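Visitor:
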Amino acid sequence: MSSLSEDPTSTTTITTTTSDNNPSTDNNTKRRKQPPPETPSHIRRRSFIIASFWAIVLFLGLPIWWKTTTIYRADLPLGEMMDWADGKACSPEFPIRVAIDAPDVQANEAESLVRETQQTLDAMKDFPGHRIRLEIPETPMDRAASLNPNSNTALVIRLKQGDAIATTLHPHLPILEVTYPSDSIVPGTSAASSLSTYLATELRSTFSEEQAIMSYLLATSSIPSERRPQDFSQQITESLSKRMTRSLKYSRTYHLTFSLFTSGPSPNSWEIEEAVRQYMDPVLNMLNSIHNFTIDTQVQLYATPGVQSQVLTKEDLSSFINAAEWPLSPSIGGAPTVNFVVYIGNQTIGVGSESETSQSWLIPQWGSVYLLSPPPTDYVPAELLKQPILTFTSHLLSLLGTPQSGSLPMRLSTLTRIRSADLLLRASSSLGSLARLSLALPSISIPPSVADGVAKSMHHLELACASSTSSNNGLEHARIAEEEAERAFFEKSMVGQLYFPDEHKIAVYLPLLGPVGVPLLMGLLNEIRAWKKRRAEKQKAA
Amino acid sequence: MKLSDLLHLPLLLTSSILSNANYVSAEHTSNWAVLVGTSRFWFNYRHLANVLSMYRTVKRLGIPDSQIILMLPDDMACNPRNAFPGTVYSNSDRAVDLYGDNIEVDYRGYEVTVENFIRLLTDRVGDEMPRSKRLLTDDRSNIFVYMTGHGGNEFLKFQDAEEIGAFDLADAFEQMWEKRRYHEILFMIDTCQANTMYSKLYSPNIIATGSSELDQSSYSHHADNDVGVAVIDRYTYYNLEFLESQVQDLSSKKTVGDLFDSYSYEKIHSHAGVRYDLFRGGAEAARSRLLTDFFGNIQNVEIDSANNVTVDSEMLALGETIARLRELATEEERAEAEAAAAAAGKVEANKTSRPAQSDRRTKNFATAGPLTDDNWWAKKLTGAAALAGCTALWVLGSYLESPSKEKTK
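Structural data, given as structure tokens:
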């Protein structure tokens with residue numbers, strides 16, 4: 144730049160010397176005075192000046208403009224993401240492991256029984272994602288381990304010799320007890336094949352609910368219909384859709400709020416801590432591997448419900464909660480809240496014509512309410528809270544989407560599998576949404592953290608998909624995958640806030656580019672014209 | 016193989032149709048309302064009154080504050096020009112104080128920006144945002160979006176400083192749909208040339224309505240001479256009139272169509288617009304939606320089967336189960352411990368099994384502590400370093416200052 148600034152002075156000195164030497168000054172006193180002819184060194188210098196301006200614009204200005212206005216878009220593996228969303232990347236497989244415990248059956252007989260039953264099961268044309276796998280635990284240690292609620296085995300079949308074929312589902316443990324006549328165990332006989340068929344149908348009916356839920360999840364997912372299961376009756380769908388509507392979205396942690404609302408000044412305290420510890424904690428502990436819970440409680444006196452009538456109808460119940468005045472959304476932490484409300488008052492629920500009245504009702508995705516008649520004292524003892532807390536516990540299970548058939552451990556292990564399937568599908572569909580979004584909105588920026596989240600999510604999806612052998616790990620991986628996919632989608636800096644129509648862009652750039660661009664362009668054009676002219680003259684002279 | 020495929024085809028088709036139909040007819044489980052005023056300053060009193068009266072209405076119909084996002088760009092109740100401090104009225108009879116004593120404003124004053132509005136819709140917020148300020152909807156949520164302010168062709172001004180374009184709004188809704196963040200949306204806007212604002216929407220399941228066509232103004236209804244300014248806009252006024260008189264409580268069976276039919280040029284002094292084409296099922300399905308589906312909080316409660324005895328017994332069984340399982344677990348632990356004790360000795364085994372049990376007990380009681388421990392030490396160190404740096408600077412400054420002073424002396 145310093146050389147440029149020196150230029151004017153040097154040119155002026157040169158021009159003065161040339162004008163002194165000009166001989167034609169006295170001839171043109173009447174005509175307009177012509178500028179002195181330029182020397183070749185001037186011409187060269189002027190073209191250098193123009194070239195340097197253009198060089199700055201092209202090599203400094205343009206890159207800076209480009210760099211500062213361009214929208215950063217990290218590379219996303221769009222194809223793979225869409226594959227996940229379409230269910231192509233991994234056919235979600237959720238095998239159910241069933242162990243056969245047959246202490247008084249010989250090994251080869253047991254093996255042939257397992258083989259035949261497995262064949263019958265496979266022939267039953269269930270959809271491929273949901274498969275029952277039979278196996279024989281090899282050592283007594285394994286047998287004991289399979290009863291552990293955290294093990295991978297969903298069910299143990301205990302074979303016992305008896306008079307006729309019969310089954311009973313153990314009420315508290317994941318055990319299906321099967322008695323069989325002694326002759327039916329000999330391989331190759333017709334009795335043996337009938338036993339295996341019987342076992343297969345029993346197993347299938349035991350897991351039919353889980354299977355229906357899985358089908359429902361797949362059907363409502365983003366996976367196209369060709370890859371979905373086909374056996375699907377409408378009735379099942381309806382009841383399932385109601386149940387799925389009721390249940391909360393999966394979260395690692397839930398916040399439970401127990402509220403005591405009283406219509407008057409009393410009772411004003413309750414033994415809730417003790418009651419929860421006695422009646423609810425055992426179940427919460429069992430849910431530990433799937434969810435964490437935080438608990439808070441509150442008491443509010445003189446609380447007026449939304450409906451004042453003495454007998455509450457079903458319509459009344461939906462507006463019973465006084466949303467405007469009851470402080471029921473504490474927004475503590477980041478976890479979703481499940482509300483359990485005990486209301487002390489004289490109101491009763493009237494359901495149709497039945498003589499018996501109910502005490503409680505469940506509000507889908509929200510929580511539940513229990514009406515308690517006023518106790519004689521100012522305070523509610525734990526014994527009086529037993530029934531409400533037990534009801535809340537069963538409501539909590541159904542709000543969490545626990546299936547309804549089978550013993551509790553079985554329901555919980557089913558819940559684990561359902562939740563991991565659900566999370567897997569959710570994460571996949573989030574990835575698909577993100578991929579479609581990045582294609583649909585070209586002006587949105589995609590920071591590197593999004594690509595990072597997508598990579599992590601897909602990594603864990605693969606792990607979850609591969610770790611179908613161990614359901615607990617599967618849930619954990621699916622949870623991380625879903626979390627990462629959500630984080631990537633909801634990346635804070637990805638706000639497609641301003642859409643600029645082209646007119647706006649012109650309006651912004653014109654005042655800047657006009658005054659700067661016109662002299663620049665005209666200078667270049669003049670220079671080129673002059674250069675052409677000189678060339679032509681040179682050719683003429685030659 | 017091909018033949019079997021062909022046989023499967025009708026089955027496939029029916030199943031997919033059935034499941035789709037089911038998905039459509041699925042009920043919603045929660046109602047949300049996003050109420051946005053976008054203009055500041057005293058002479059825009061009516062816009063805030065519009066928003067607050069909508070707030071009163073949805074609250075009256077049962078939507079809790081946690082599910083209402085209220086954006087008020089200015090505080091009319093505390094404006095020094097307000098002759099009735101602490102109150103906002105939307106009618107010159109001043110019967111209902113809209114501000115009241117139970118109001119939750121989620122975004123106030125300069126927080127009401129285009130960016131925050133779009134962040135709210137798309138839920139692209141940081142961890143610091145409390146849950147009460149977020150739109151935590153899912154694919155079963157119906158959302159009522161109401162906006163009012165000063166607008167023009169395809170834009171709506173925010174606080175005289177910036178504007179949201181119809182394209183931005185459309186993109187935001189599309190992102191919500193893509194992430195299944197709503198079931199159905201009723202979009203209502205009261206501003207000049209309001210109908211242009213919803214013309215660019217392209218996401219499904221949205222019913223849109225606006226107060227005036229392109230090149231039409233939206234007018235105020237009446238002024239209160241004591242307040243000194245217009246207190247409500249015509250379009251909002253007649254919407255509210257309908258809702259107050261026809262939708263008294265949640266049992267009302269009035270439909271969205273009924274509300275839209277009540278609009279007339281004579282009343283509103285501009286041509287109110289309606290858009291149904293995005294809605295699945297078209298105009299018919301959209302018109303048949305109940306108003307309480309959007310303005311009220313419908314909860315499909317499930318009453319417990321009256322005989323509590325079954326619940327009770329089931330629960331008792333459950334309790335037993337748990338007790339048994341616990342026994343089983345402890346037994347197992349003991350067995351394991353005993354197996355280990357073959358080498359180490361029984362006394363130690365007992366010791367190890369005891370703490371395991373007590374561990375489980377203590378797990379239930381969380382102690383107070385910092386919410387996150389990430390980089391706790393790093394943060395402390397940074398803080399200390401910053402503090403030390405500041406001190407050093409101060410010392411340096413005073414050191415440099417003192418010699419110069421001496422010199423001047």
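Chains as they are written, first to last, in the numbering used here: chain A, 144 to 685; chain U, 16 to 424.
Cβ atoms here follow ideal geometry from the backbone N, Cα and C, with glycine treated the same way.
Quantities reported herein were computed from a predicted structural model and do not represent experimental measurements.
(1) Please list, in chain order, the chain U residues whose beta carbon lies closer than 7 Å to that of Q508 (chain A).
(2) Short of 9 Å Cβ to Cβ, which residues in the region 257-289 of chain U face chain A?
(3) Which class does A238 (chain U) belong to by DSSP, given the choice of helix, strand or coil?
(4) Any heavy atom of the ligand FMN closer than 8 Å to the beta-carbon of S501 (chain A)?
(5) Relative to the C-alpha of I587 (chain A), which candidate in A:S337, A:V638, A:G549 has its C-alpha closest?
(6) With 9 Å set as the bound, which would you pick, yes or no: does the beta-carbon of V523 (chain A) sit closer than that to a beta-carbon of chain U?
(7) Leaving aside the five residues before and after V241 (chain A) along the sequence, list all residues of the same chain whose C-beta is less than 8 Å from its C-beta, in chain order.
(8) For G657 (chain A) and G167 (chain U), I'd like the C-alpha separation in whole angstroms.
(9) Going by DSSP in three states, W413 (chain A) sits in which element: helix, strand or coil?
(10) Taking Cβ positions only, does L256 (chain A) come closer than 9 Å to chain U?
(11) What residues from chain A crowd round D116 (chain U), counting only those whose CB sits closer than 8 Å?
(12) If you follow the alpha helix (DSSP H) that W197 (chain A) is in, where does it begin and where does it stop?
(13) Name, please, each residue of chain A whose Cβ falls closer than 9 Å to the Cβ of E348 (chain U).
(14) List, in order along the chain, the chain A residues whose C-beta lies closer than 7 Å to that of R304 (chain U)?
(15) Using the C-alpha atoms, what's the distance from A401 (chain U) back to W391 (chain U)?
(16) Cβ atoms of N46 (chain U) and F310 (chain U): under 9 Å apart, would you say?
(17) Assign K385 (chain A) to one of three DSSP states: helix, strand, or coil.
(18) Measure the alpha-carbon distance for D112 (chain U) versus G164 (chain U) and round it to whole angstroms.
(19) Leaving out the 5 sequence neighbours to the left and right, which residues in its chain are closer than 7 Å to A607 (chain A) when beta-carbon positions are compared?
(20) Is R389 (chain A) close to chain U? Criterion is C-beta to C-beta, closer than 9 Å.
(21) To be precise: take each residue of the region 88-99 of chain U, compare its Cβ to all Cβ atoms of chain A, and keep it if any distance is under 7 Å. Which residues remain?
(22) Tell me the start and end of each unbroken beta strand (DSSP E) in the region 483-567 of chain A that is at least 3 residues and wholly inside, in chain order.
(23) Please list, in chain order, the chain U residues whose beta carbon lies closer than 8 Å to that of R579 (chain A).
(24) Mind reading off the beta-carbon distance from P507 (chain A) to R389 (chain A)? Whole number of angstroms is fine, and I expect it under 8 Å.
(25) If I follow the unbroken alpha helix (DSSP H) through G52 (chain U), where does it start and stop?
(26) Just list the beta strand (DSSP E) runs in the region 185-267 of chain U, keeping only unbroken ones of 3 residues or longer that don't cross its boundaries, in chain order.
(27) Would you tell me roughly how many angstroms separate the C-alpha atoms of S227 (chain U) and S581 (chain A), rounded to the nearest one?
(28) Does the Cβ-Cβ distance between I589 (chain A) and Y341 (chain A) come in under 9 Å?
(29) If you follow the alpha helix (DSSP H) that M92 (chain A) is in, where does it begin and where does it stop?
(30) Using a Cβ cut-off of 7 Å, pull out every chain U residue sitting near S462 (chain A), in sequence order please.
(31) Where does H647 (chain A) fall in DSSP's three states?
(32) Enumerate in chain order the residues of its own chain whose CB-to-CB distance from S576 (chain A) is below 7 Å, with the five nearest sequence positions on each side excluded.
(33) Under 9 Å between the Cβ atoms of L312 (chain A) and S550 (chain A)?
(34) Report yes or no: is there a C-beta of chain U within less than 9 Å of the C-beta of I492 (chain A)?
(35) By alpha-carbon positions, which one of A:R677, A:L256, A:G510 ends up nearest to L399 (chain A)?
(36) Pull up the CB-CB distance for T440 (chain A) and I415 (chain A), whole angstroms please, since I reckon it's below 8 Å.
Guide: For this structure:
(1) What you label residue 508 (chain A) is simply residue 365 of the first sequence in a count that begins at 1. T44, S45, listed in chain order.
(2) Within the region 257-289 of chain U, the qualifying residues are D264, L265, S266.
(3) What you label residue 238 (chain U) is simply residue 223 of the second sequence in a count that begins at 1. Three-state DSSP puts A238 (chain U) in a strand.
(4) Ligands displayed in this structure: none; no statement on the ligand FMN is therefore possible.
(5) Translated into positions along the first sequence, residue 587 (chain A) becomes position 444. Ranking the options by Cα distance to I587 (chain A), first place goes to A:V638.
(6) Numbered from its first residue, the first sequence carries residue 523 (chain A) at position 380. Chain U, which has no Cβ nearer than 9 Å to the Cβ of V523 (chain A), makes this no.
(7) For the purposes of this step, residue 241 (chain A) is taken as the residue at position 98 of the first sequence. Correct list, in chain order: I275, R276, L277, E278, T296, A297, L298, V299, I300, L346.
(8) For the purposes of this step, residue 657 (chain A) is taken as the residue at position 514 of the first sequence. For the purposes of this step, residue 167 (chain U) is taken as the residue at position 152 of the second sequence. A direct Cα-to-Cα measurement between G657 (chain A) and G167 (chain U) gives close to 29 Å.
(9) Position 270 of the first sequence, counted from the first residue, corresponds to residue 413 (chain A). If DSSP states are grouped into helix, strand and coil, W413 (chain A) belongs with the strands.
(10) Numbered from its first residue, the first sequence carries residue 256 (chain A) at position 113. For L256 (chain A), the answer is no, since every Cβ of chain U falls outside 9 Å of its Cβ.
(11) Looking up residue 116 (chain U) in the second sequence gives position 101. Within 8 Å Cβ-Cβ: nothing; D116 (chain U) doesn't reach chain A, min ~11 Å.
(12) By one-based count along the first sequence, residue 197 (chain A) stands at place 54. 183-199 is the span of the alpha helix (DSSP H), which, as asked, contains W197 (chain A).
(13) Within the second sequence, numbered from 1, the residue matching residue 348 (chain U) stands at position 333. Chain A residues near E348 (chain U): none, gap ~11 Å exceeds 9 Å.
(14) The count along the second sequence starts at 1 and reaches residue 304 (chain U) at position 289. Residues of chain A whose Cβ lies closer than 7 Å to the Cβ of R304 (chain U) do not exist; the shortest such Cβ separation is about 18 Å.
(15) On the second sequence, position 376 is the one that residue 391 (chain U) refers to. On the second sequence, position 386 is the one that residue 401 (chain U) refers to. Near 15 Å, if we compare the C-alpha coordinates of A401 (chain U) and W391 (chain U).
(16) Within the second sequence, numbered from 1, the residue matching residue 310 (chain U) stands at position 295. Within the second sequence, numbered from 1, the residue matching residue 46 (chain U) stands at position 31. Contact: yes.
(17) In the first sequence, counting from the first residue as 1, residue 385 (chain A) sits at position 242. Three-state result, K385 (chain A): helix.
(18) Here residue 112 (chain U) corresponds to residue number 97 of the second sequence, with the count starting at 1. Here residue 164 (chain U) corresponds to residue number 149 of the second sequence, with the count starting at 1. For D112 (chain U) and G164 (chain U), the distance between alpha carbons rounds to 21 Å.
(19) Within the first sequence, the letter at position 464 stands for residue 607 (chain A). Closer than 7 Å at Cβ, skipping near neighbours: S563, L567, G617, H620, A621, A624.
(20) Working through the first sequence from its first residue, we reach residue 389 (chain A) at position 246. Contact of R389 (chain A) with chain U is assigned, a C-beta pair being separated by under 9 Å.
(21) Cβ contacts with chain A: none found.
(22) Runs of the beta strand (DSSP E) inside the region 483-567 of chain A: 503-506, 510-515.
(23) Here residue 579 (chain A) refers to the residue found at position 436 when the first sequence is read from its first residue. The answer, in chain order, is E193.
(24) Working through the first sequence from its first residue, we reach residue 507 (chain A) at position 364. Working through the first sequence from its first residue, we reach residue 389 (chain A) at position 246. That belief holds up - the Cβ atoms of P507 (chain A) and R389 (chain A) are roughly 4 Å apart, short of 8 Å.
(25) In the second sequence, counting from the first residue as 1, residue 52 (chain U) sits at position 37. Looking at the DSSP string, G52 (chain U) is not in any alpha helix (DSSP H); the run it does join, the beta strand (DSSP E), is 45-52.
(26) Qualifying beta strand (DSSP E) stretches, in chain order: 199-205, 221-225, 235-239, 244-248.
(27) What you label residue 227 (chain U) is simply residue 212 of the second sequence in a count that begins at 1. What you label residue 581 (chain A) is simply residue 438 of the first sequence in a count that begins at 1. Rounded to whole angstroms, S227 (chain U) to S581 (chain A) spans 34 Å at the Cα level.
(28) The residue given as residue 589 (chain A) occupies position 446 in the first sequence. The residue given as residue 341 (chain A) occupies position 198 in the first sequence. The answer is no: Cβ separation not under 9 Å.
(29) Because chain A here runs from 144 to 685, residue 92 (chain A) falls outside it and cannot be looked at.
(30) To locate residue 462 (chain A), count along the first sequence from 1; it is residue 319. Correct list: G77, L265.
(31) Stepping through the first sequence from its first residue, residue 647 (chain A) is reached at position 504. Helix, per DSSP.
(32) What you label residue 576 (chain A) is simply residue 433 of the first sequence in a count that begins at 1. Same-chain partners within the cutoff: F632.
(33) As a position in the first sequence, residue 312 (chain A) is number 169, starting the count at 1. As a position in the first sequence, residue 550 (chain A) is number 407, starting the count at 1. Yes, Cβ-Cβ distance for L312 (chain A) and S550 (chain A) is below 9 Å.
(34) As a position in the first sequence, residue 492 (chain A) is number 349, starting the count at 1. At least one C-beta of chain U is nearer than 9 Å to the C-beta of I492 (chain A).
(35) Translated into positions along the first sequence, residue 399 (chain A) becomes position 256. Looking at A:R677, A:L256, A:G510, the one whose alpha-carbon comes closest to that of L399 (chain A) is A:G510.
(36) Your numbering for residue 440 (chain A) matches position 297 in the first sequence. Your numbering for residue 415 (chain A) matches position 272 in the first sequence. The pair is a contact, with the Cβ atoms about 5 Å apart (cut-off 8 Å).
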